[in-house]
Structure formats: C-alpha cells, structure tokens
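Just so you know, the sequences run in chain order A and B. Heads up: the first sequence begins at 57 in the numbering used here, then just goes up one per residue. Heads up: the second sequence begins at 57 in the numbering used here, then just goes up one per residue. Structure record follows, encoded as structure tokens.
2 protein chains.
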Amino acid sequence: MTDSKKTAPSLSLGTLYGVGVGPGDPELITIKALRLLKSAPVVAFPAGVQGRKGRAQDIISPWLNPDQVQLALKFPYTEDRQILTEAWKVASEEVWLHLQKGRDVVFASEGDVSFYSTFTYLAQTLQQLHPEASIQATPGVCSPLAAAAVLGIPLTIQAQRLAILPALQSVAHLETALSWADVVVLLKVSSVYPQVWSVLDKHQLLDHSYAVENATKPDQVIYADLSKRPRLQLPYFSLLVIQVRP
Amino acid sequence: MTDSKKTAPSLSLGTLYGVGVGPGDPELITIKALRLLKSAPVVAFPAGVQGRKGRAQDIISPWLNPDQVQLALKFPYTEDRQILTEAWKVASEEVWLHLQKGRDVVFASEGDVSFYSTFTYLAQTLQQLHPEASIQATPGVCSPLAAAAVLGIPLTIQAQRLAILPALQSVAHLETALSWADVVVLLKVSSVYPQVWSVLDKHQLLDHSYAVENATKPDQVIYADLSKRPRLQLPYFSLLVIQVRP
C-alpha cells in the first residue's frame, strides 16, 4: 500500500519486484512477498550450483505453482569484475524479455533484498540498460535478526552500537569494530575463522561470542560459546554474533 | 519448524512468543508471526500513550479477532531505571497470569523482536521472576531494511561495513562510525538532528544522506538529499541512512 514507482511505468511494461524471502524457514517470508510471489507469472532466483537448488529457490519452492515460469539466473561465484558484469547483463536481459511483454517478474532473494543481496546488481544493471524499467523492493528478514531469535538473545538494546561486516575481506577491520561497537556481527566468516578466533581470544570475548549456521533451517547449528572451538568448520553462510559490551 | 525451547516446558504452562511484526505496513509481517498471532488466545503489545493505539497494536489490528484477549502492557517512556524495572515486573506478571493457566501469549513488537525491542526487557524479566517460563522469538523486518527498500537503494553490498547506532545518546560516536563504516544508519535521530546535520556537512556527506519517516506506513516521508535541510522536524521514529563510501 505504500509502494511508489521509481520511474513512471509505461502501461505495457511489467514490473521487476525484488523480494526478500527471509533467512531460511519458508514461514519467515512476509505476507507481501508471498502475495507477489504467488501472483507473478514469472519467478526468478539465483541459480544453484553443481545441480543443487539455489538457496532462495529452496525457500520459495513450497509456495510456487506449476504454471509459473521459473527463471534460474546465473550469478557466478567469482570476484572477476568482467565475468560478473557480463552475467548481470545476461540476467537483466532475461528479465527484460518478460517485462517487455507486460509480465511482472518477482526476483526472490534470500534474507533481505537490500542487505548484501544479488538483487542490487540485477536492479542496477537493468536500470542502466533499460531506464524505463519499473523496479520495486520488498524487504525481508535478514540473517542477523534470525540468528538472534534462534539464540534467544537480544541483538541490540537501548543505546548499543551495532557493527556488521563481512569477514571475508576485512579481518583487519574487526579490531576497529570491537573498539567502536557494543555488538558485532561477522558475516561469511568460514574462511577466516581461525584468525577471527585469535582476535576474539585476545580480547577475551570468546565466551560472549556465538556462531550460527543456517539459522531457522532444518540443518541449523548453534555454538553458544566459542572458547573451546578454535577450529570450527563452518559453512559459507555462517555468522558470528559478538557481544562486546553486553 | 526450527523452534527449540529454551527451557523444558511443563505441560500445563503456556509459552510467551515474542514476534516482530515488521516496520509498519501490515503486509510486512511474516507468515509465522501471523500464524502465531491469529492462533494465540492472548495477544500483548506495548500500550499506546495519550489515548492513542500503540505502534505494534496499530500494525496487528487488521489481523486480530474479537475473541482474543488483548493485553496492553505499559512500558513508560522514561530513563528512570527504577520506574522501568517496576513496569517490566508488572508486565511480566500480567503475562505470567496467562501462561500459568496454560494460555500462550504472543507479544507483538514493531520491527524485529531482537533489534532495540521492548520484548527483550519483558522476556528477561519474566525469565528472572519465573525461570520455568518458556519463551520463543520470531524475527521480523527491521526499519533499516524497510527504509532501504522504500528508498530504492541497497543498504549494503559486497564487503561494505555497516554501523547502526541510536543517535539520541551518542552523537559523539557518529564521527567514529563515519570513519569506520561504509554505510551508517542513525536511529531515533529527531532530537539531535541539527548536530548530526553539522557533522554530515563537515564530512560532505549530506548529498549521500537520506532521512525516512515511518517507512512503509501511509504517512511515510522520504528526504533523499539533506543538503538544504539543516532543520528538519522529524518524528521520534525516523532514521537516517548515510552512504559514506557508496
């Protein structure tokens, strides 16, 4: 009810809706996202790898019906800017083919649609290639909120300062975060876990640190104290919550 | 489906469910929160002030039915610790009366239930007074995610660092946040807006700063550039998104 178009849509064009579908439990999707998802003729999502379903696809599959066109868009796991840019263009043109014919496309993004989401690249590329495209975003529950809920702890209270960072490229920033924030969330921590553990050990924060794998999914795992876990083997989509000053 | 009890519940006790009901648009509640809300014999929420409905109450009112007991719990707007502690105790005992009789209570919290939420105080006080109480949290969409969606911008991408802080008591921390983070979200900014504006001006960030009032509500207001707005009169629940290094 509070939607507003970014650009005035021409009558014959469909709209691209980016919807956050939540952290994993299919019930943690919003009513609005579900309504858009069920009513769209075309549903898009990041393609899975190695023959497996993608994560967003997995979340939404209970809600889809066989009449809907399903578009698995390829977003390669690489940091090569040229490969990525090309993939975003290809995905945008696939979406555009439908929008042009007046069909709405709903793109499902795990978690929230504005929070480290593939949707950003799709939307920005589509807007560049076809400025007349109408694009709307519907927010969803992101993983740090899901992690706090399953841990049974508050993420933040009162005047607490919260820092969120993807650990993959910025272990160096962790020290600054720990000195500034009351609560720190580290995303994508798996590849740098041993270094992160050492920093937390130095600051005597291990017993105030939590690791969560696949929050709200059937394979969810929780580690509520990292003191004796210097070498956890975490999957890619794991996060740490560190209560620096509880 | 991934719920787990914090304490083994005795069979005769009801459970306190804290549910985040999203930022304002009643459609931005999750399926799970709605299911819990509709099926609970008792629905609780923070009481409104001055005869008005509370904000969570406002969001959930389209979903309630007349048979449900509605508990408006008083959480005074004060920083007096003694008054607050007493209010939390009174609220917890009101909830406990129902739990004791085997009735589930769903407490609705605007936004998310772990993110600067009144639910934390209710849950912690209840747990202290009645350790046998069973408490569960269901996450919701928090306001920064809603703000990004209605602004049509990503909140964060790639390796960006995000800092979130309530401005009310910590304007002094803003400078540090600006030096550390790529994106800064300031909550509850109304009372300190002129000082915040000066800091953003000094850092030449005003044209990369957004203010959002009541995101996703009918009275939503967006300011997409703060350069010419040194004296905005914002309501209490407004937030700023600052793209420090876009």
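Built from N, CA and C at the ideal position, the CB exists for glycine as well. If you're wondering where the values come from, they're calculated on a predicted model, not measured in any experiment.
For a contact defined as C-beta to C-beta under 8 Å, what are the partners of GLU142 (chain B) on chain A?
In chain order: nothing, as chain A lies at least about 17 Å away.
What is the rounded straight-line gap between the Cα of ILE85 (chain B) and the Cα of PRO118 (chain B)?
11 Å
Could you compute how far the alpha carbon of VAL241 (chain B) sits from the alpha carbon of PRO286 (chain A)?
33 Å
Please report whether the beta-carbon of ASP168 (chain A) lies at a distance below 8 Å from any beta-carbon of chain B.
yes
Where LYS88 (chain B) meets chain A, residues with beta-carbon distance less than 8 Å:
ASP81, GLU83, LEU84
Would you mind reading off the limits of the alpha helix (DSSP H) that contains SER235 (chain A)?
230–236
If the cut-off is 8 Å on Cβ atoms, which residues from the region 223–247 of chain B count as contacting chain A, listed in chain order?
LEU224, GLN225, SER226, HIS229, THR232, ALA233, TRP236, ALA237
Rounded separation between ARG91 (chain A) and HIS264 (chain A) - CA only
40 Å
Residue range of the unbroken alpha helix (DSSP H) whose run includes TYR249 (chain B):
249–258
Please name the residues in the region 189–208 of chain B whose beta-carbon is closer than 9 Å to at least one beta-carbon of chain A, in chain order.
ILE191, GLN192, ALA193, THR194, PRO195, GLY196, VAL197, CYS198, PRO200, LEU201, ALA202, ALA203, ALA204, ALA205, VAL206, LEU207, GLY208
Can the beta-carbon of ALA147 (chain B) be found less than 8 Å from the beta-carbon of LEU72 (chain B)?
no
Express the C-alpha separation of PHE131 (chain A) and THR174 (chain A) in angstroms, rounding to a whole number.
8 Å
For a cutoff of 8 Å on Cβ pairs, would you count ALA215 (chain A) as touching chain B?
yes
Proximity of SER294 (chain B) and VAL255 (chain B) at Cβ, strictly below 8 Å
no
From this set, A:PRO187, A:LEU224, A:ALA215, A:GLN192, which residue's C-alpha is nearest LEU296 (chain A)'s C-alpha?
A:LEU224
Flag ALA43 (chain A) as yes if its beta-carbon sits less than 8 Å from any beta-carbon of chain B, otherwise no.
A query on residue 43 (chain A) cannot be resolved here, the shown segment of chain A reaching from 57 to 302 and no further.
LEU129 (chain A) CB to nearest chain B CB: under 8 Å?
no
With which residues is GLN192 (chain A) paired in a DSSP beta bridge?
A:TYR73
8 Å is my cut-off, CB to CB: does THR58 (chain A) come that close to chain B?
Residue placement at THR58 (chain A) cannot be trusted, given a pLDDT of 44 that sits under 50; what the coordinates show is reported in the next sentence. Interface residue, yes.
So with CB distances below 7 Å, who are the chain B contacts of THR176 (chain A)?
PRO210, ILE213
Can you find the residues in the same chain that come closer than 6 Å, C-beta to C-beta, to PHE171 (chain A), ignoring five residues on each side of it along the sequence?
CYS198
Pick from A:THR212, A:ASN270, A:LYS109 that is closest to LEU290 (chain A), judged by C-alpha positions
A:ASN270
First through last residue of the beta strand (DSSP E) which encompasses ALA267 (chain B):
265–269
Taking contact to mean at least 3 C-beta pairs separated by less than 8 Å, is the region 211–224 of chain A in contact with the region 209–224 of chain B?
yes
What number of angstroms, rounded off, separates the C-alpha of GLN276 (chain A) from the C-alpha of GLY78 (chain A)?
15 Å
Determine the extent of the beta strand (DSSP E) in which TYR279 (chain A) is found, giving its start and end residues.
277–279
Enumerate, from N- to C-terminal direction, the unbroken beta strand (DSSP E) stretches of 3 or more residues contained entirely within the region 116–150 of chain A.
125–129
In the DSSP assignment, find the unbroken alpha helix (DSSP H) run with ILE87 (chain B) in it and report its ends.
87–95
Alpha carbon to alpha carbon, what distance is there between PRO187 (chain B) and GLY74 (chain A)?
43 Å
In angstroms with no decimal places, state the Cα-to-Cα distance between SER247 (chain B) and GLN299 (chain A).
28 Å
Are the beta-carbon atoms belonging to VAL239 (chain A) and LEU211 (chain A) less than 8 Å from one another?
yes
According to the neighbour-count rule (16 or more other Cβ atoms, all chains shown, within 10 Å of its Cβ), is GLY110 (chain A) buried or exposed?
buried
When the cut-off is 8 Å and only beta carbons count, does PHE163 (chain A) lie next to chain B?
no
Between ASP81 (chain A) and GLN113 (chain B), what straight-line distance do the alpha-carbon atoms span, to the nearest angstrom?
25 Å
By Cβ distance, which residues of its chain are closer than 7 Å to TRP144 (chain A), with the 5 residues on each side in sequence left out?
TYR177, LEU178, THR181
What are the start and end residues of the beta strand (DSSP E) that includes ALA103 (chain A)?
Where ALA103 (chain A) is concerned, there is no enclosing beta strand (DSSP E), given that its DSSP letter is neither H nor E.
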